[in-house]
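Protein chains in written order, with the numbering used here: chain L, 1 to 250; chain F, 1 to 250.
Protein chains: 2
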Amino acid sequence: MAPQRVSASCRGFTGPFPLPLTMSTRGVLTRSYKVRAKYTDRPMTDRLVDATLHAFSEDLASDRPVPGGGSAAAYAGAMGAALAAMVLRISAKKAADPLTERIRQLDDLRADFIRLVDDDSAAFARVAEAYKMPRSTDEEKAARKRRIQVGLLGAARVPLECAKTARRLLDACDRSLEIASPATVSDIGVGALMAETALRGAALNVMINLASLDDAGQVKALSEELDRALDGGDDLRARILQFVESRIAR
Amino acid sequence: MAPQRVSASCRGFTGPFPLPLTMSTRGVLTRSYKVRAKYTDRPMTDRLVDATLHAFSEDLASDRPVPGGGSAAAYAGAMGAALAAMVLRISAKKAADPLTERIRQLDDLRADFIRLVDDDSAAFARVAEAYKMPRSTDEEKAARKRRIQVGLLGAARVPLECAKTARRLLDACDRSLEIASPATVSDIGVGALMAETALRGAALNVMINLASLDDAGQVKALSEELDRALDGGDDLRARILQFVESRIAR
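The structure is reproduced here in structure tokens:
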């Protein structure tokens with residue numbers, strides 16, 4: 001089957017989404033996954049979210065590619081959901097409405113982000129594992145290629161879920177603006193910044209994994225889902241920040 | 001001395017920076033600090049950066065205002081510096097240049113952010129402590145007011161340092177773009193997103209503390225420093241993301 005260009009575009013891309021990649025870029029990615037595979041021999045049984053803030057930053061900074069930007073983006077989302085929940089909890093003390101359902105939704109978003117911190121690194125590690133498979137025979141080569149493709153699909157789906165969760169958080173921050181007290185409005189602002197960073201950061205990780213995926217149908221479907229999560233996110237962040245700054249300044 | 005309007009403006013504000021605040025807003029902020037003071041009786045001796053990712057997110061989400069957006073912004077900066085360092089460490093393996101000095105600079109930025117995670121919450125707690133001081137006599141009232149003002153200045157200076165550190169990181173991400181391999185370029189993108197979120201998030205925390213500060217000279221000086229850190233940050237983030245996305249898409 002000849003390489004097919006799909007029409008799906010990812011918002012923020014400067015041009016149409018070019019798939020499949022040229023062989024040269026695919027080669028670079030393949031080599032890089034091999035380099036990465038070499039450095040993922042640390043056991044992945046320990047949960048990243050059980051590491052301390054200091055230790056996780058050391059892990060991110062090391063020459064091991066796991067954990068990377070996908071896990072960091074998910075944790076930014078967790079911090080954003082936490083800040084929004086804090087603001088509502090403080091407002092609820094003074095309000096007639098205990099805001100129970102809204103707070104529960106934010107806690108659920110945070111739980112999703114916390115799970116995605118580890119899911120992202122696990123998905124990446126599965127791709128790296130696939131690249132380590134033997135390829136002496138044609139059967140081995142075919143099995144390895146299938147496993148890589150399955151791995152890439154997973155490594156795109158996890159940050160896509162992160163992007164969708166982040167968009168829900170950004171919308172929730174927008175809805176919480178009027179409830180925030182003047183003293184906590186900056187925290188909602190930081191929450192929205194975190195949400196949008198989780199959204200855009202996860203989107204970069206979806207894109208980089210889709211770039212090596214052969215299944216044009218999956219690429220198109222996932223790209224369109226990503227577009228929907230990204231749609232208008234930049235503007236929403238700008239509007240939220242403008243509101244927060246006007247509240248601080250008045 | 002009559003209230004004085006200072007000319008310093010904070011970029012992103014929709015109007016001029018209005019200082020001192022109207023009495024009504026000051027009243028709201030004062031009440032809120034008192035509300036916050038009530039919930040800061042947990043010992044602050046444990047370092048936040050020694051908490052796990054999961055526990056820190058629980059702490060952020062609780063109805064205690066410490067830790068809040070300032071500490072979260074600093075940790076976003078730490079993750080961004082870590083990702084940029086990871087990218088350079090991976091590139092250095094293949095390059096003739098070991099990139100030692102650039103990596104050291106990023107590790108230093110990360111160490112600064114890690115310190116600022118705790119410094120921000122400690123500075124906030126000092127303001128809250130000051131609000132708890134007795135105010136039965138005129139002397140007590142004057143002493144309390146002085147301590148609050150000293151606390152507010154500290155609570156503005158710490159996020160200002162975070163904003164300046166974040167701007168240095170954003171500039172470092174920009175300089176690292178060409179060094180990043182195609183497989184790690186998304187990590188530099190996430191690093192830049194984290195840096196800009198740390199910058200804007202810290203800026204909100206500078207602004208909200210300056211809003212209650214009486215010393216117009218300090219307000220002007222700190223606002224101008226903040227403006228310099230913010231200047232062009234938005235555009236730089238957009239340019240970095242555009243470059244990263246074009247690299248992924250090619």
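Cβ coordinates follow ideal geometry from the N, Cα and C atoms, glycine included.
Because the structure is a prediction, the values reported are computed rather than measured.
Can you check whether the C-beta of residue i is within less than 9 Å of a C-beta belonging to chain F?
| i | result |
| --- | --- |
| G15(L) | Residue placement at G15(L) cannot be trusted, given a pLDDT of 33 that sits under 50; the coordinates are not used to answer. |
| I179(L) | no |
| T100(L) | no |
| A123(L) | no |
| G201(L) | yes |
| S7(L) | For S7(L), the predicted structure reports a pLDDT of 31, less than 50, and the residue's modelled location is therefore unreliable. A value from the coordinates is still provided. Cβ-Cβ to chain F under 9 Å: no for S7(L). |
| D41(L) | Residue placement at D41(L) cannot be trusted, given a pLDDT of 45 that sits under 50; what the coordinates show is reported in the next sentence. No, because no Cβ of chain F sits closer than 9 Å to the Cβ of D41(L). |
| D215(L) | no |
| V158(L) | no |
| E196(L) | yes |
| M86(L) | yes |
| G189(L) | yes |
| R175(L) | no |
| E161(L) | no |
| L169(L) | no |
| A96(L) | no |
| A155(L) | no |
Return the Cβ separation of residue i and residue j in integer angstroms, given the expectation that the two are a contact with Cβ distance under 8 Å.
| i | j | result |
| --- | --- | --- |
| L83(L) | A72(F) | 6 Å |
| C51(L) | D63(L) | Looking at the sequence shown, residue 51(L) is not Cys but Ala. Rounded, the Cβ-Cβ distance is 17 Å, inconsistent with contact. |
| I179(F) | S91(F) | 5 Å |
| L152(F) | S212(F) | 5 Å |
| G201(L) | D120(L) | Contact doesn't hold; Cβ gap of about 10 Å is too wide. |
| E116(L) | V158(L) | Correcting the residue identity first, residue 116(L) is Leu in this sequence and not Glu. The Cβ separation is near 6 Å, so the contact holds. |
| A192(L) | I240(L) | 4 Å |
| L204(L) | Y75(F) | Not quite, the Cβ-Cβ distance comes to about 20 Å (not below 8 Å), so this is no contact. |
| L160(F) | E245(F) | With a Cβ gap of about 32 Å, L160(F) and E245(F) do not count as contacting. |
| K164(L) | A229(L) | 5 Å |
| V185(L) | R247(L) | 5 Å |
Under 9 Å, Cβ to Cβ, is there at least one residue of chain L near residue i?
| i | result |
| --- | --- |
| T165(F) | no |
| L204(F) | yes |
| G151(F) | no |
| R172(F) | In the sequence on display, residue 172(F) carries Ala and not Arg. Not an interface residue. |
| D50(F) | yes |
| R251(F) | Within the shown structure, residues of chain F are numbered from 1 to 250, placing residue 251(F) beyond reach of any answer. |
| A249(F) | yes |
| A128(F) | no |
| R36(F) | Bear in mind that the predicted position of R36(F) carries a pLDDT of just 41, short of 50, making it unreliable; the figure below should be weighed with that in mind. So yes, R36(F) belongs to the interface. |
| R89(F) | yes |
| E245(F) | yes |
| C10(F) | At C10(F) the pLDDT is 35, less than 50, meaning the model places this residue with poor confidence; the figure from the coordinates comes in the next sentence. C10(F) counts as touching chain L. |
| P20(F) | In this prediction, P20(F) scores a pLDDT of 33, lower than 50, which makes its location untrustworthy; the coordinate-derived value is nonetheless stated afterwards. Not one chain L Cβ lies under 9 Å of P20(F). |
For the segment 130-145 of chain L, enumerate the residues whose C-beta is nearer than 8 Å to any C-beta of chain F, in chain order. Of all residues in the segment 130-145 of chain L, none has a C-beta nearer than 8 Å to a C-beta of chain F.
Contiguous alpha helix (DSSP H) assignments of at least 4 residues, all confined to the segment 209-241 of chain F: 216-230
Using a Cβ distance threshold of 8 Å, determine whether the segment 107-121 of chain L contacts the segment 79-93 of chain L, with at least three qualifying pairs required. Contact holds: three or more Cβ-Cβ distances are below 8 Å.
Any residues in the segment 218-243 of chain L with a beta carbon nearer than 7 Å to a beta carbon of chain F? Which ones, in chain order? Within the segment 218-243 of chain L, contact with chain F at the beta-carbon level (separation under 7 Å) is assigned to L241, Q242.
For the segment 141-152 of chain L and the segment 113-130 of chain L, state whether three or more C-beta atom pairs, one from each stretch, are separated by less than 8 Å. yes
Whole alpha helix (DSSP H) runs in the segment 46-110 of chain F with 4 or more residues, listed along the chain? 53-61, 69-94
Do the segment 189-199 of chain L and the segment 195-204 of chain F meet, that is, are 3 or more Cβ pairs less than 8 Å apart? yes
Scan the segment 107-119 of chain L for residues whose Cβ lies nearer than 9 Å to a Cβ of chain F and list them as they occur along the chain. D107, R110, F113, I114, V117
Report yes or no: do the segment 220-240 of chain F and the segment 164-174 of chain F share at least 3 C-beta pairs separated by less than 8 Å? yes
Closer than 7 Å, Cβ to any Cβ of chain F: which residues of the segment 59-79 of chain L, in chain order? Listed by position, the residues of the segment 59-79 of chain L near chain F (Cβ gap below 7 Å) are L60, A61, S62, D63, P65, G68, G69, A72, A73, Y75, A76, A78, M79.
Fully enclosed by the segment 165-210 of chain F, which alpha helix (DSSP H) runs are 4 residues long or longer? 185-210
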